[in-house]
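Protein chains in written order, with this note's numbering: chain A, 1 to 240; chain B, 1001 to 1237. Every residue gets a Cβ at the ideal spot worked out from N, C-alpha and C, and that includes glycine. Worksheet: one structure, shown below.
Listed below in structure tokens is the structure:
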């Protein structure tokens, strides 16, 4: 009995105390997915201990297919054996489950605003950036024109704000976060200027966001990303 | 902090399932509101362009001096502002996530696939489109079993978030069934959803805002002929 007491005392004093003792949290993602990274940020923000499982999407694990039968995609969060899929659904789940360092404010108007911009990113920015990355000629021109229109709204939204969430990071910051890393990578790989000096607030946000303690040092290895996206770019632009 | 004070208006059209979501949510909470009908074929109103400058789309909820866009965001806003009335979203995080997951699925996959039936050209394309919709309905039938746990709605004993997200499409689903001659909801593959649909449409919060199938079918024919007319007129395919 005394040995057990000493063991428990040792464990208590020496193990990292996360905010989710006794709860099992697993995150299925890939090393590069920005959607998985959003979830990493949310978990870090809340001090949640989790196990990270990096999938190879060309050879998906049985567990992933079991946890996300509808889409068969990452990220999937598994909390005490319960799977949650779709990154924005996961972010709201994390906020609903662990109350410290909220991602969404209590104010319904502000919550609606954050959700609106998160949706804007998913429905407008992401398809447009994909079109910019994968097309040429007239299609590229059209994609760029749409991108410019979209960015105007984003720039406007940042007026008078440090972050999309105001003074603190919010849902929209997490969802827009990919910009702070991938724009630079896409520009390097494509030679295109995608976010230029017409968007000073957005450029500042990208820098401020990257420097936040939760975000800093979470980006995937730069060289590895360049290699990956260069190969992808060349696939869509074979002549170059 | 937003209070429930302030005039409430919904900017929308009678035929839009997305607009219906906002109206059902307000009805569930017994919130008095004005329904401002847009006549989109005459061009978008100044009010719409001002209150939703980013998307210029309906529905828009106008609450005092706040404007909220995007139907599911509006429903959550309504639930959060009028928090003392019956809850629309479940209270448990996992159930909330499940409801949100399926609502997103409906908007991103299922409803576009249903619209695909009307737009399909040729028998093969139509059959493929119908197959997709039916596959989706089988998933939703299973989801219903898990969410409802033997009770009449996805939300349990009362209409909830996922009921609203899905139920708003029933008018257009019936029009599609009528025009294609295929019973998408049926006793064989989707017996629970068939029963649920009837219960949803009869609910007090829904019955006055769900358009009649005949009226919607006429409207659909009119839109399709306009779309086809515009396509041939400009020479676009």
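Original post:
Nearest CA to the CA of residue 211 of chain A: which residue from A/41, A/152, A/4?
Top reply: In the first chain, the residue the question calls residue 211 of chain A occupies position 211. Among A/41, A/152, A/4, the Cα nearest to that of residue 211 of chain A belongs to A/41.
**OP:** Taking residue 87 of chain A and residue 102 of chain A to be in contact with their CB atoms under 8 Å, please state how far apart those CB atoms are, rounded to whole angstroms.
**Re:** Position 87 of the first chain, counted from the first residue, corresponds to residue 87 of chain A. Position 102 of the first chain, counted from the first residue, corresponds to residue 102 of chain A. That pair is no contact at about 18 Å.
Subject >> Proximal residues of chain A, C-beta to C-beta of residue 1104 of chain B below 7 Å >> reply: Along the second chain, one-based indexing puts residue 1104 of chain B at 104. Those are 86, 89, listed as they occur along chain A.
Original post:
If you check the beta carbons only, do residue 1075 of chain B and residue 1164 of chain B fall under 8 Å apart?
Top reply: For the purposes of this step, residue 1075 of chain B is identified with residue 75 of the second chain, where counting begins at 1. For the purposes of this step, residue 1164 of chain B is identified with residue 164 of the second chain, where counting begins at 1. Yes.
**OP:** Would you identify the three-state DSSP class for residue 1223 of chain B, choosing helix, strand or coil?
**Re:** Counted from its first residue, the second chain places residue 1223 of chain B at position 223. Three-state result, residue 1223 of chain B: helix.
**OP:** Inspect the CB distances between the stretch 1177-1193 of chain B and the stretch 1032-1048 of chain B and report whether three or more fall short of 8 Å.
**Re:** As far as the Cβ criterion goes, the stretch 1177-1193 of chain B does not touch the stretch 1032-1048 of chain B, which means the pair count is below three.
Subject >> Residue range of the beta strand (DSSP E) that includes residue 941 of chain B >> reply: Because chain B in this structure spans residues 1001 to 1237, residue 941 of chain B falls outside the shown range and cannot be described.
Subject >> Inter-stretch contact (C-beta, 8 Å, three-pair minimum) for the stretch 201-217 of chain A and the stretch 171-179 of chain A >> reply: yes
**OP:** Quickly, what does DSSP pair residue 1153 of chain B with across the bridge? List them, please.
**Re:** Sequence index remark: in the second chain, residue 1153 of chain B carries index 153 (1-based). Paired residues: B/1156.
**OP:** Examine chain A for any beta-carbon lying closer than 8 Å to the beta-carbon of residue 1070 of chain B, and answer yes or no.
**Re:** What you label residue 1070 of chain B is simply residue 70 of the second chain in a count that begins at 1. Yes, its Cβ sits closer than 8 Å to a Cβ of chain A.
Subject >> Unbroken beta strand (DSSP E) run spanning residue 1037 of chain B, endpoints >> reply: Looking up residue 1037 of chain B in the second chain gives position 37. Here the beta strand (DSSP E) through residue 1037 of chain B covers 1034-1037.
Subject >> Residues bridged to residue 26 of chain A [DSSP beta-bridge criterion] >> reply: Taking the first chain and counting its residues from 1, the one referred to as residue 26 of chain A is at position 26. BP columns for residue 26 of chain A point to A/51, A/78.
Original post:
Among residues of its own chain, excluding the 5 on either side of residue 1182 of chain B, which ones have a beta-carbon nearer than 7 Å to its beta-carbon?
Top reply: Counted from its first residue, the second chain places residue 1182 of chain B at position 182. Excluding sequence neighbours, residue 1182 of chain B sits near 1130.
Original post:
For residue 82 of chain A, which residues in chain B fall below 7 Å Cβ to Cβ?
Top reply: Residue mapping note: residue 82 of chain A aligns to position 82 of the first chain, counting from 1. The contacting residues are 1094.
Original post:
Using a beta-carbon distance below 8 Å, is residue 1139 of chain B in contact with chain A?
Top reply: Sequence index remark: in the second chain, residue 1139 of chain B carries index 139 (1-based). Answer yes: the Cβ-Cβ gap between residue 1139 of chain B and chain A drops below 8 Å somewhere.
Subject >> Range covered by the beta strand (DSSP E) that runs through residue 1066 of chain B >> reply: Start at 1 with the first residue of the second chain, and residue 1066 of chain B comes out as number 66. Note, residue 1066 of chain B: beta strand (DSSP E), 1066-1069.
Original post:
By Cβ distance below 8 Å, which residues in the same chain neighbour residue 1065 of chain B in space, the five residues on each side in sequence not counted?
Top reply: On the second chain, position 65 is the one that residue 1065 of chain B refers to. Hits under 8 Å: 1006.
Subject >> Rounded C-alpha distance that separates residue 1012 of chain B from residue 1042 of chain B >> reply: Here residue 1012 of chain B refers to the residue found at position 12 when the second chain is read from its first residue. Here residue 1042 of chain B refers to the residue found at position 42 when the second chain is read from its first residue. Between the alpha carbons of residue 1012 of chain B and residue 1042 of chain B lies a distance of about 14 Å.
Original post:
Mind checking whether residue 67 of chain A and residue 28 of chain A have CB atoms under 8 Å apart?
Top reply: Locating residue 67 of chain A in the first chain gives position 67, counting from the first residue. Locating residue 28 of chain A in the first chain gives position 28, counting from the first residue. The answer is yes: Cβ separation under 8 Å.
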